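Asker: First residue of the sequence shown? That's 58 in the working numbering, and the numbers climb one at a time after it.
From the three backbone atoms N, C-alpha and C, an ideal C-beta is built for every residue, glycine too.
Source: prediction; values computed, not measured.
Before we start, here is the structure in question, set down as structure tokens.
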Amino acid sequence: MSDEGRKKGRNGIARGFRVLVILLKRTRTPHRLALGFAIGLFFSILPLPIIGMFIALGLALLFRLNLVSTYAGTLVVNFATGLFFYLLDYKAGTILFGTKFIKPMPSADIARFVADNIREIAVGGIFVASVFGIISYLLVYGIARLFMRRGKPRA
């Protein structure tokens, strides 16, 4: 790739980053930014593929949270990471209920597996989503607070 092509690529990335920063700066408080991200992450970790994202964005609109941070929270669980989080939900549920982690399956029927283990998956999902939601809220709140302080002029 030529130097000119690399510069154009960097300009596009830089422009996208500037737009993102402007959208994030529209949030008046670190709380709304962090809560938006935490809600997005919470509902994407729950075993509700795709539906969780729409619930999170609907709640963000309802409570006037930052939509960009909410959407960013939902992007944490995606096609690449989804299996990890859903297995983590199931593992947490089996620990909470004291059941076997992998029960024998007569066939590779995923729908039947989910139906047979819905209790563990659902309760484990709520537990894992709550833990990750709280941790992400605290992290994003701290980062947003530092970022917003840096932008204010000192008296």
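#1: Going by the CB atoms, is the gap between Gly150 and Gly97 shorter than 7 Å?
#2: Indicate, with yes or no, if the ligand ZN has a heavy atom lying under 6 Å from the CB of Phe154.
#3: Tell whether a beta-carbon distance below 7 Å holds between Phe142 and Ile102.
#4: Round the Cβ separation of Pro104 and Ala201 to the nearest angstrom and send it over; I've been treating them as touching at under 8 Å.
#5: I need the straight-line Cα distance from Ser126 to Phe94, nearest angstrom please.
#6: Less than 7 Å between C-beta atoms, sequence neighbours within five positions excluded: which residues of the same chain meet that for Glu177?
#7: Could you have a look at Arg211 and say whether DSSP puts it in helix, strand or coil?
Answerer: Let me spell this out:
#1: no
#2: Within the structure as shown, the ligand ZN is missing, as the structure has no ligands at all.
#3: yes
#4: The Cβ separation is near 29 Å, so there is no contact.
#5: 5 Å
#6: Tyr147, Gly150, Thr151, Phe154, Thr156
#7: Note that Arg211 has pLDDT 49, beneath the 50 cutoff, so the model's placement of it is unreliable and the number below is only indicative. Here Arg211 sits in coil by DSSP.
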